[in-house]
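Undergrad: Position 140 of the sequence shown, counting from 1, maps to 142 under our numbering, and the rest follow consecutively. Quick one: this structure, given as structure tokens, is what I'll be asking you about.
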Amino acid sequence: RARLHYLIGHALLKNKDETSRKMPHIEFSIADHFNLGSSVVSSAAEQRIYAQVNLSAATRALHKSQYFEAAKYLSSAFAKLNPESMWEQDYDLTLKLCNTSALVNVCLGKFESSKRMADRIIANARRFEDKRLAFNTLIRLYGGFGADDPRKALEVARRVLREINPTMYTA
Numbered sequence: 003r004a005r006l007h008y009l010i011g012h013a014l015l016k017n018k019d020e021t022s023r024k025m026p027h028i029e030f031s032i033a034d035h036f037n038l039g040s041s042v043v044s045s046a047a048e049q050r051i052y053a054q055v056n057l058s059a060a061t062r063a064l065h066k067s068q069y070f071e072a073a074k075y076l077s078s079a080f081a082k083l084n085p086e087s088m089w090e091q092d093y094d095l096t097l098k099l100c101n102t103s104a105l106v107n108v109c110l111g112k113f114e115s116s117k118r119m120a121d122r123i124i125a126n127a128r129r130f131e132d133k134r135l136a137f138n139t140l141i142r143l144y145g146g147f148g149a150d151d152p153r154k155a156l157e158v159a160r161r162v163l164r165e166i167n168p169t170m171y172t173a
């Protein structure tokens, strides 16, 4: 049964461009079949493809305000990557997954989870540009979204200024 879902998922992915005109929500079908057939997958390359497909489905679900579905696809995507090495081996994909997860958690009211994800991004991001969305999430969370704590929002804003120009703001 898992093998059948695996094959269907691959057939849909192979014909995605052609099929997407007839089925605009094809990402959901592909991700669902891949997830049901994931026990068949063993190679890291295929796991990465599965993670990308789940990210695509999560992003589509997020844009449609289907936050629980988005969280489900993100969870499946994270499960496909090695947590010990995902930042080193799949940096861009991991960054996108984490940013999307932080946003979905805000939408679900899971502010602590969103904060942890933003902190994780800031700790692992290679460039300031990669940290921007995480900093923005933290400022919004502390500024009233999740924890009305303007002082912490200000601390994060100061940290951003220090990262932009360490000599510009030292207080």
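Even for Gly, the Cβ is constructed at its ideal location relative to N, Cα and C. Remember, it's a predicted structure, so these values are computed and weren't measured experimentally.
1. Pick out whichever of G111, L57, R5, K66 has its Cα sitting closest to the Cα of C100.
2. Closer than 6 Å by C-beta to R62: which residues in its own chain qualify, once you throw out the five before and the five after it? Chain order, please.
3. Does L97 pass the burial test, meaning 16 or more other C-beta atoms within 10 Å, or should it be called exposed?
4. Leaving out the 5 sequence neighbours to the left and right, which residues in its chain are closer than 8 Å to M64 when beta-carbon positions are compared?
5. Count the other CB atoms, across all protein chains shown, that sit within 10 Å of the CB of T139; report buried if there are 16 or more and exposed otherwise.
6. What's the call for D150, buried or exposed, on a 16-neighbour Cβ count within 10 Å?
7. Could you check if N37 is buried or exposed, using at least 16 other CB atoms within 10 Å of its CB as the buried criterion?
8. Grab the span of the alpha helix (DSSP H) containing T169 for me, first residue to last.
9. Using the rule of at least 16 other Cβ atoms within 10 Å of the residue's Cβ for burial, across every protein chain shown, is A125 buried or exposed?
10. Can you tell me which of the three DSSP states M88 falls into?
11. Is the CB of D132 under 9 Å away from at least one CB in chain C?
12. Just how far apart, CA to CA, sit L174 and A13?
TA: This is what the structure holds:
1. Within the sequence shown, the letter at position 98 stands for residue 100. Minimum Cα distance to C100 is reached at L57.
2. Walking along the sequence shown from the start, residue 62 turns up at place 60. So the qualifying residues of the chain are E29.
3. Stepping through the sequence shown from its first residue, residue 97 is reached at position 95. Burial call: buried.
4. On the sequence shown, position 62 is the one that residue 64 refers to. Per the sequence shown, the amino acid found at residue 64 is Leu instead of Met. The residues are A72, T102, L105, V106, C109.
5. Position 137 of the sequence shown, counted from the start, is the residue given in the question as residue 139. Buried, because 16 or more other Cβ atoms sit within 10 Å of the Cβ of T139.
6. Here residue 150 refers to the residue found at position 148 of the sequence shown. Answer is exposed; the Cβ neighbour count stays below 16.
7. As a first step, residue 37 must be located in the sequence shown, where it is residue number 35. By the 10 Å Cβ count, N37 comes out buried.
8. Position 167 of the sequence shown holds residue 169. That residue, T169, is in no alpha helix (DSSP H); it is neither H nor E in DSSP.
9. Taking the sequence shown and counting its residues from 1, the one referred to as residue 125 is at position 123. Exposed: under 16 other Cβ atoms inside 10 Å.
10. As a working mapping, residue 88 is identified with position 86 in the sequence shown. M88 falls in the helix class under three-state DSSP.
11. Protein chain content of the structure displayed is limited to a single chain, and chain C is not contained in it.
12. Missing from the structure shown is residue 174; the chain here goes from 3 to 173 and no further.
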